[in-house]
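Working notes for the structure below.
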Amino acid sequence: MQSLAALCVRRPVFASVLIMSLVVVGTFSLTQLGVDLMPNIDIPTITVTTRLPGAAPEQVESEITDKVEEAVNTISGIDQLNSNSAEGISQVVVSFLLEKDADIAAQEVRDRVNRILPLLPRTITQPTIEKQDPDAQPIFTLALTADKPIRDVTEYADKVLRRRLESADGVGQVLVLGGRNRQINVELDAERLRGYNLTVNDVARALQSQNVDVPGGQMERGAQSITMRTLGRVQHPDQFGDIVVRDVGGHPVRISDVARVEDGMAEARTVASVNGEPTVLLQIRKQSGTNTVAVVRNIKSRLEDLEGILPEGFSVRVVRDQSEFIQASVSSLQEHLILGSLLASLVVLIFLGNFRSTVIAAISIPTSIIATFALVRYMGFTLNMLTMLALTLSVGIVIDDAIVVLENIYRFMEEKGMKPTGANIATSDSVVAITARPISCVASTAAFSGGMPFSSMKR
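In my numbering, the protein residues as written are 853 to 1311.
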């Protein structure tokens, strides 16, 4: 059975078409590859977060953290188990061995935590169990500024801009930071509450019970079925003052009698500024598994559509774009790949002392690497730091394999007196270290079509 190199020697046209086909397929695959900083990996690390509002760190550790640790510690494949107990919150981080499937690990942790729920305090919130996702980091950050109050800027960012950006392809979540949402503040007067013999809980219950919107069931009316609804929402901030807290001596005591209602803002939890000016930041996270550069491209396209509908005085600027760093890093690796190929060819020219032989060896570099892009796309990989670094390192392997083929052809021709055809076939059978068959095809075909070009090669 003929080897691939022997077939390339006897069929030089077939070999040329085969190599050109690989190059064409690789070039097309290169245009379809995504670009990212790092490969998409699934780290088997699970985080269990439990909240107990108002509890001291010591209480959180004894009543929640210790019990969660004991429950998950029996799971197989755990590498590390870390915990953090702070005021009102418990966080347990379970790191598994790399061979552990992250989905299976998350399910096992979830099952163990559900078993101990009856042993935890009743006032806790439902524990959240999340896998560590490298894609959860923000990839794009926008700054929204305007010559208006920060509450109006926050309102527009949350109600309009955020929802428009979340509808872009690949966008997973948009976080609004540095803003202050609208909030109706009810400031109680302690002296008036004491005068009417009321408490803060009385006012809170009145606000909760008289500011509701609940379903009222269905009412059958002949062939029709009417859905009932209780509309009890306060429509205007001034109406909060009319809510009745309690009847005292036959007279209703309203919110306005014991408190002052203010249409204000929530307390500032985060602060953001650009060039010293207060601003509202929108941090955009991509969906897990999507390509960063492609998602950022979709976001920028959506921003171009939004520029024409921004209110007067509003401006949006990009303050962080991770795709620029990714593209710069990949471009740098591509530059190193090309430069390494040229330098490797130059070294071959210096040591072989034959221009034609150098060309034959140099052709093997782009043909082998470009053809590799087809396999990269087939495997679902992206152009990232690791894949580009691997291709850069493979330049030395490719040029080394080409030199081995050329040297062996020369050896069979000069030492054994074989003709080019026989030398090429014998080389393909004897060199077992060759791993890149396109290299053997290129070298063998070029050597055969050129007659005996190696007579002046230097050992």
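Cβ atoms here follow ideal geometry from the backbone N, Cα and C, with glycine treated the same way.
Under the three-state DSSP convention, the category residue i falls into
{"i": "GLY1069", "result": "strand"}
{"i": "THR902", "result": "strand"}
{"i": "VAL1284", "result": "Per-residue confidence for VAL1284 stands at a pLDDT of 44, beneath the threshold of 50, marking its modelled position as unreliable; no derived number is given."}
{"i": "ARG863", "result": "coil"}
{"i": "PHE1225", "result": "helix"}
{"i": "LEU1083", "result": "strand"}
{"i": "ALA858", "result": "helix"}
{"i": "GLY1248", "result": "helix"}
{"i": "PRO970", "result": "helix"}
{"i": "ALA938", "result": "strand"}
{"i": "GLN978", "result": "coil"}
{"i": "VAL1064", "result": "coil"}
{"i": "LYS983", "result": "strand"}
{"i": "THR1144", "result": "helix"}
{"i": "GLY1047", "result": "helix"}
{"i": "GLY1030", "result": "coil"}
{"i": "GLY1205", "result": "coil"}
{"i": "GLY1269", "result": "coil"}
{"i": "PRO1290", "result": "Annotation note: pLDDT 46 at PRO1290 (below 50); position unreliable, no value reported."}
Counterpart residues of residue i in DSSP-defined beta bridges
{"i": "LEU933", "result": "VAL946"}
{"i": "PHE992", "result": "ILE1136 and ASP1173"}
{"i": "LEU1155", "result": "Its beta-bridge partners do not exist; DSSP assigns none."}
{"i": "ASP1099", "result": "PRO1104"}
{"i": "THR997", "result": "SER1167"}
{"i": "ASP1115", "result": "ILE1036"}
{"i": "VAL1126", "result": "GLU1129"}
{"i": "GLN1076", "result": "ARG1073"}
{"i": "THR897", "result": "SER947"}
{"i": "LEU1235", "result": "VAL887"}
{"i": "VAL1023", "result": "LYS1138"}
Proximity below 9 angstroms, CB of residue i to CB of residue j
{"i": "ALA1111", "j": "ASP1041", "result": "yes"}
{"i": "PRO1089", "j": "THR1079", "result": "no"}
{"i": "ILE941", "j": "ARG1003", "result": "no"}
{"i": "LEU1155", "j": "ALA1009", "result": "no"}
{"i": "ILE1222", "j": "ALA1254", "result": "no"}
{"i": "VAL1171", "j": "VAL1005", "result": "no"}
{"i": "LEU885", "j": "ARG1229", "result": "yes"}
{"i": "GLN959", "j": "VAL945", "result": "no"}
{"i": "SER1175", "j": "THR1144", "result": "yes"}
{"i": "SER1140", "j": "GLY1248", "result": "no"}
Minimum Cβ-Cβ distance from residue i to chain B less than 9 angstroms
{"i": "LYS1268", "result": "Among the chains of the structure shown, chain B does not appear; only one protein chain is present."}
Any non-hydrogen atom of the ligand ADP within 8 angstroms of residue i CB
{"i": "SER942", "result": "In the structure shown, the ligand ADP is absent, as is every other ligand, since no ligand is present at all."}
Quiz item: Can you find at least 3 beta carbon pairs, one from the region 1149-1166 and one from the region 1032-1040, that sit closer than 8 angstroms?
Solution: Verdict: no, contact absent.
Quiz item: Within the chosen definition, does the region 920-933 reach the region 1172-1181 through at least 3 CB pairs nearer than 8 angstroms?
Solution: With the cut-off at 8 angstroms, the region 920-933 and the region 1172-1181 do not touch.
Quiz item: When the Cβ atoms of the region 1215-1234 are set against those of the region 867-882, are three or more pairs found closer than 8 angstroms?
Solution: Cβ pair count under 8 angstroms is three or more, so yes.
Self-check item: Any 3 or more C-beta pairs closer than 8 angstroms across the region 894-908 and the region 983-994
Solution: Yes, the region 894-908 touches the region 983-994.
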